[in-house]
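Using my numbering, you'd call the opening residue of the sequence shown number 16 and step up by one each time.
See structure below.
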Amino acid sequence: MITPVHFQWTVERRVATITLNRPERKNPLTFESYEELIETFRALTTSTDVRCVVLTGSGGNFCSGGDVHDIIGPLVAMRDRGDGDGLRRFTRMTGDLVKAMRACPQPIVAAVDGICVGAGAILAMASDVRFGTARSKVAFLFVRVGLSGADMGACALLPRIIGQGRASELLYSGRAIDGVEAERWGFYNRLIEPASLMAEAATFAHTLADGPAFAHAVTKKCLHDEWNLSIDAAIDLEAEAQAVCMETNDFSRAYHAFVNKRPPAFEGN
């Protein structure tokens, strides 16, 4: 794995925690942090030490999106000098982060408190599971700076999480929803008190990390790949995927553990 400079990285009992760590600015993203996050999630595809990832922010906030001075200002300067290629390099790069998150085999648990807006809301959206707080604020702010809601896959991913009509409302209006509404709409899996957020996210992540890592990776890939398949094609894909899981040692371990009335000890193979 790389040693990141622009966010905090810790690993405990096969759970990695990524903490966006610019609390004085509510943890905005920069060109450098985008690149490091992409490298990190890509590196996870070959990691054997990490089985689940928790993504969070420091100082009571998740992420305030792209840094106004470090990203938005330079993008406006590109626009002013007619550098369309530079703008496209940036938008492709930000999309590469979502692709890397979706392609990494480990489940990603977003622990969201406080501000979660713009590209920060995208990071939460691209995670597999989202825990939030009632006081959190989620907003897809792109329209407020004259941009479309079509950013980093939001028009594809968000409707699948909260539904087409609700996604349309948020992407057109840019309005913020609090944690209660976000949970009611299905954006959050559950609401947790701020003081307990990281502990509960870590507990859930460790539960996943203690499970069959290969099978979890298959589940994540099928959840992603089957969005564009017919039901019949999805059934065929899952038949093959499940047969491959049945060839793993973890499948045998689980059976013998059940027969011997003890919990299985999954090893991820």
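Heads up, the beta-carbon is just placed ideally off N, CA and C, and yes, glycines get one too.
Presumed contact (8 angstroms Cβ cut-off) between residue i and residue j, rounded CB distance
i	j	result
Asn-36	Cys-78	That belief does not hold up - the Cβ atoms of Asn-36 and Cys-78 are roughly 11 angstroms apart, past 8 angstroms.
Ala-115	Ile-33	Contact doesn't hold; Cβ gap of about 12 angstroms is too wide.
Ser-188	Leu-70	Rounded, the Cβ-Cβ distance is 26 angstroms, inconsistent with contact.
Val-65	Ala-31	5 angstroms
Ala-169	Met-140	7 angstroms
Gly-180	Phe-229	Gly-180 to Phe-229, Cβ: 37 angstroms. No contact.
Glu-51	Val-20	7 angstroms
Pro-38	Gly-74	3 angstroms
Extent of the continuous alpha helix (DSSP H) run through residue i
i	result
Ala-220	212-224
Thr-55	46-58
Val-274	264-274
Val-195	194-199
Arg-103	99-118
Ile-177	169-177
Val-91	88-95
Cys-256	Here residue 256 is Ala; the residue named in the question, Cys, does not match the sequence. That run of the alpha helix (DSSP H) goes 246-261.
Phe-229	228-240
Buried versus exposed call for residue i [16 or more other C-beta atoms within 10 Å across all chains shown]
i	result
Lys-152	buried
His-231	buried
Ala-280	exposed
Asp-100	exposed
Gly-147	buried
Ile-192	buried
Ile-86	buried
Thr-61	exposed
Arg-190	exposed
Asp-247	exposed
Leu-59	buried
Thr-18	exposed
Ala-224	buried
Thr-167	The sequence shown places Met at residue 167, not Thr. When all chains shown are included, Met-167 counts as buried.
Pro-227	buried
Asp-128	buried
Ala-258	exposed
Val-68	buried
Leu-138	buried
Leu-102	exposed
Phe-22	buried
Proximal residues to residue i (C-beta, below 7 angstroms), its chain only, five neighbours per side dropped
i	result
Ala-249	Glu-241
Leu-49	Looking at the sequence shown, residue 49 is not Leu but Tyr. Once the five neighbours on either side are set aside, the close Cβ partners of Tyr-49 are Met-108, Thr-109, Leu-112.
Gly-164	Phe-155, Phe-157, Val-158, Cys-170, Leu-186, Tyr-187
Glu-253	Cys-237
Own chain, CB closer than 8 angstroms to residue i, minus 5 neighbours either side, in chain order
i	result
Gly-80	Pro-43, Leu-44, Val-132, Gly-133, Ala-134, Gly-135, Ala-136, Leu-156
Val-144	Pro-122, Ile-123, Val-124, Ala-125, Asn-204, Phe-219
Gly-201	Ile-176, Ile-177, Gly-178
Lys-236	Pro-120, Ala-256
Cys-260	Pro-227, Phe-229, Ala-230, Val-233, Phe-266
Start and end residues, beta strand (DSSP E) containing residue i
i	result
Thr-25	23-27
Gly-72	67-72
Asn-132	Contrary to the premise, residue 132 reads as Val rather than Asn in this sequence. Its beta strand (DSSP E) spans residues 130-132.
Leu-35	30-35
Val-144	144-147
Ile-123	123-127
Val-153	152-154
Contact set for residue i: own chain, Cβ-Cβ below 6 angstroms, skip 5 residues either direction
i	result
Glu-198	Leu-206
Ile-130	Lys-41, Asn-76, Ser-79, Lys-152
Thr-25	Thr-32
Thr-234	none
Gly-194	Gly-147, Thr-148, Ala-149, Ser-151, Leu-206
Gly-72	Leu-35, Asn-42, Cys-78
Ala-269	Pro-279
Leu-238	none
Phe-56	Ala-115, Met-116, Cys-119
Any chain D beta carbon closer than 9 angstroms to residue i
i	result
Ala-220	The structure shown has no chain D; it contains just one protein chain.
Segment contact flag, the region 211-222 with the region 154-161, C-beta cutoff 8 angstroms, min 3 pairs: no
Three or more C-beta pairs under 8 angstroms: does that hold for the region 264-273 against the region 200-214? no
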